[in-house]
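Residues in the sequence shown are numbered from 5 upward in steps of one, following this note's numbering.
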Amino acid sequence: MTIRFDDRVAIVTGAGAGLGRQHALLLASRGAKVVVNDPGGSVEGVGGANAVADAVVAEIKAAGGQAVASYASVADEKAAQTIVDTAMNAFGRLDILVANAGVLRDKAFNNMSMEDFEFVMKVHLMGTVYCTKAAWPIMRERKYGRIVVTTSGSGTVGNFGQANYGAAKMALNGFINVMRTEGAKYNIMLNAISPSARTRMTETLLPEWVLNFMRPELVSPAVAYMASEQCTMSGEIISATAGSFSRVKYIQSEGVQFDPDQPVTPEMFEDNFDKIMDIGTPQPHGMSLQRLEARLRAMGKLK
Ligand code: NAD
Numbered sequence: 005m006t007i008r009f010d011d012r013v014a015i016v017t018g019a020g021a022g023l024g025r026q027h028a029l030l031l032a033s034r035g036a037k038v039v040v041n042d043p044g045g046s047v048e049g050v051g052g053a054n055a056v057a058d059a060v061v062a063e064i065k066a067a068g069g070q071a072v073a074s075y076a077s078v079a080d081e082k083a084a085q086t087i088v089d090t091a092m093n094a095f096g097r098l099d100i101l102v103a104n105a106g107v108l109r110d111k112a113f114n115n116m117s118m119e120d121f122e123f124v125m126k127v128h129l130m131g132t133v134y135c136t137k138a139a140w141p142i143m144r145e146r147k148y149g150r151i152v153v154t155t156s157g158s159g160t161v162g163n164f165g166q167a168n169y170g171a172a173k174m175a176l177n178g179f180i181n182v183m184r185t186e187g188a189k190y191n192i193m194l195n196a197i198s199p200s201a202r203t204r205m206t207e208t209l210l211p212e213w214v215l216n217f218m219r220p221e222l223v224s225p226a227v228a229y230m231a232s233e234q235c236t237m238s239g240e241i242i243s244a245t246a247g248s249f250s251r252v253k254y255i256q257s258e259g260v261q262f263d264p265d266q267p268v269t270p271e272m273f274e275d276n277f278d279k280i281m282d283i284g285t286p287q288p289h290g291m292s293l294q295r296l297e298a299r300l301r302a303m304g305k306l307k
């Protein structure tokens, strides 16, 4: 079925460049009215220029779409509210939030200032939270919302020099995991994109042959799907790069079960370390009450 966004209004944060620009162009090309949010500035989040968002608005309009610019920073709660206000004032509704805005302040943790740590947390984590907070009552009231946050392998896999960024990106996975339970009743679905693409953020990090395949527009189809009516999943992470798409899930090992009525010692943990760590027969990670129940039954602890 063709995925369209006619009559839908979308905010894309950080839409002036890279991935956000592609997300905005794709949504607009399929009928969405888009708030192109971007204050401009460097990869580190220094400086700013209205021309960055204006250029994408002009591009959308030139292609026959509808868009307005917002130059507000997501990292400020009041400013984030104005992004949502821009959508309501210009288009009278809000259906989609793509929280994509991001910065980097990479350094080994030993050399990283707390200011750089907090700034990155503020843009990625709090920027997404502030925008969601402003959008939430509108989506709840209309009983419709699609929110796509932007996570990263830097959090789920780990990457040297990105303690601030990895922590912020991983926190977003926790955020949608909780919010999906709160949004379900109101048909608000929250999912995460975990992208890898050639942008100014990655330009110098990877070899040319691989960057050539990693066009940012190859990530946007997953974002558009997660922003659509067709999307009924929530709390999921989709990894996307160079035309490949996959689901990211946490797993846990089969592990061991000791008798909970007997003392359990650190030595018992050490003696069973290999078994605890072995993910040869992985289980989905979760609050495995059923698994615990089955094990305790097998041990004769529960009747
Ligand atoms: P980019 O630098 O090209 O785009 C990020 C945009 O966010 C910029 O236009 C910037 O001006 C804007 N921005 C920065 N601070 C902002 C703020 N406070 N408020 C609003 N907008 C702000 O980088 P990109 O690679 O397109 O990154 C987009 C998102 O994808 C980021 O969240 C990034 O962390 C994430 N990401 C990218 C990759 C990748 O491979 N490129 C990998 C994992 C995650």
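Note that CB positions come from ideal geometry on N, CA and C, so glycine has one too.
Query                                                                                                                       : Result
Proximity to Thr86 [Cα-Cα], best of Val260, Phe123, Val124, Ala139                                                          : Ala139
Range of the contiguous beta strand (DSSP E) that encloses Val153                                                           : 149-154
Cα-Cα separation, Thr269 to Met303                                                                                          : 19 Å
Rounded separation between Leu98 and Gly178 - CA only                                                                       : 24 Å
Buried versus exposed, by CB contacts within 10 Å (16 or more), Pro286                                                      : exposed
Exposed unless 16 or more other CB atoms sit within 10 angstroms - verdict on Pro264                                        : exposed
Spatial distance of Gln261 from Met281 (CA atoms)                                                                           : 13 Å
Proximity test, Val152 beta-carbon vs the ligand NAD heavy atom, cut-off 7 Å                                                : no
For Ala67, three-class secondary structure by DSSP                                                                          : coil
Chain D within 8 Å of Asp263, Cβ atoms only                                                                                 : Reference to chain D is not applicable here, since this structure consists of a single protein chain.
Euclidean distance between Cα positions of Leu300 and Asp275                                                                : 21 Å
For Ala84, the nearest candidate out of Ile100, Val107, Asn93, Val133 (CA to CA)                                            : Val133
Contact check, Asn115 vs Leu23, beta carbons under 8 Å                                                                      : no
Phe273 in three-state terms, based on DSSP                                                                                  : helix
Chain-order list of residues whose beta-carbon lies under 6 Å from that of Asp10 (same chain, five-residue window excluded) : Gly35
Own chain partners of Val56 with C-beta closer than 6 Å, once the 5 adjacent residues on each side are dropped              : Gly20, Asp42, Gly44
Span separating the alpha-carbon of Met237 from that of Val252                                                              : 13 Å
Identity of the residues DSSP links to Ala103 by a beta bridge                                                              : Val153
Anticipated Cβ contact below 8 Å, Ser250 with Gln26, distance rounded                                                       : Not confirmed; about 19 Å, so no contact.
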